[in-house]
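Residue numbers for the sequence shown follow my numbering, beginning at 77 and rising by one.
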Amino acid sequence: MTTTVENILQTGTVLNDKWVILELIGKGGMGEVYQAHQLNLKRDVAIKVISREWLQTLEDDVEEIEKGLQRFRREVQAMSQIRHPNVLQIFDYGSDSIKKDGEDSSIEYIVMEYIPGATLRFTMSEEGFHPDQETIKGWLEDHFLPVLDGVQAIHELGMVHRDLKPENVLMDGTTPKIADFGLARSIRLAPVT
């Protein structure tokens, strides 16, 4: 029997009287990402929450759930320290209680800038750029070097991303922004094994 896991948030859900959920925009290994609207500042944001699907994989292992939540909090701490035009900006972090299937359910979430564009992968040709040297040079200058600038800013704060790939770099128009710090590691933060 196949069970369908429903998204933890539905369109119209309001978190902490501040953010209205507009739509689900992505699911990852341990989180769901939603586009939302921040009521008090009248701007769209992205909200990442721990997914119910991921928590169900841990069943009733309280220790594993806590380790997962620690990893999630680490992502918030790591990302919030970085101020760089090529790294996704964190706006807030919080928790809320929502009604799900008639029961109160606690969630933790990160609020970050909303980037509606594609990922760095979509700037890359499947066939490569060879032999067009000008196209290679342009792509390196416009996309690759700015990503390296963002990586340098991350490293200067003693952090390592640990999952840097084209799908984790969002394109804000023509500006690449490093995102998805789910596996970030900081020398300043206690390790989670």
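We put the beta carbon where it would ideally sit given N, CA and C, even for glycine. No experiment lies behind these values; they were computed from the predicted model shown.
**Study point:** Gln111 versus Tyr190: straight-line alpha-carbon distance, rounded
**Key:** When rounded, the distance between both Cα atoms is 7 Å.
Practice item. Inspect the beta-carbon positions of Gln165 and Met188 and report whether they are closer than 9 Å. Key: In contact: Gln165 and Met188 (Cβ atoms closer than 9 Å).
**Study point:** Reduced DSSP secondary structure (H/G/I, E/B, other) of Ala194
**Key:** Coil, per DSSP.
**Study point:** Beta-carbon proximity check, Ile123 vs Phe148, cutoff 9 Å
**Key:** No.
Practice item. Could you have a look at Ser201 and say whether DSSP puts it in helix, strand or coil? Key: In the structure shown, Ser201 sits in coil (DSSP, three-state: anything other than H, G, I, E or B).
**Study point:** Assigned exposure category for Gly88 - 16 Cβ within 10 Å defines buried
**Key:** It counts as exposed.
Practice item. Find the nearest neighbour of Ile101 within the set Leu85, Asn116 and Asp93, judged by alpha-carbon distance. Key: Here the closest residue by C-alpha is Leu85.
Exercise for review: Give the straight-line distance between the Cα atoms of Asp176 and Gly107, rounded to the nearest whole angstrom.
Suggested key: What sits at residue 176 in the sequence shown is Lys, not Asp. For Lys176 and Gly107, the gap between their C-alpha atoms comes out near 17 Å.
Practice item. Give the range of the beta strand (DSSP E) segment to which Ala112 is assigned. Key: Gly107 to Gln114 is the span of the beta strand (DSSP E), which, as asked, contains Ala112.
Point to revise | Euclidean distance between Cα positions of Leu259 and Gln209 | key: Note that Leu259 scores a pLDDT of 43, beneath 50, so its modelled location is shaky; the value from the coordinates is reported in the next line. The straight-line gap from Cα to Cα measures roughly 35 Å.
**Study point:** Residue nearest to Lys118 in terms of C-alpha spacing, selected from Val138, Val96, Gly104 and Ser182
**Key:** Closest by alpha carbon: Val96.
Check your understanding: Since Pro207 is in the beta strand (DSSP E), which residue starts that stretch and which ends it?
Key -> Segment: none, Pro207 is in no beta strand (DSSP E) and carries neither H nor E.
Practice item. Report the three-state DSSP secondary structure of Phe217 (helix, strand or coil). Key: Per the sequence presented here, residue 217 reads as Glu, with Phe not at that position. The three-state secondary structure of Glu217, taken from DSSP, is helix.
Review point. So which of Gln146, Leu233 and Lys253 has the shortest CA-CA distance to Lys241?
Key: Ranking Gln146, Leu233 and Lys253 by Cα distance to Lys241 puts Lys253 first.
**Study point:** Proximity test, Cβ basis, 9 Å: Glu203 and chain D
**Key:** Chain labels in this structure do not include chain D; a single protein chain is all it has.
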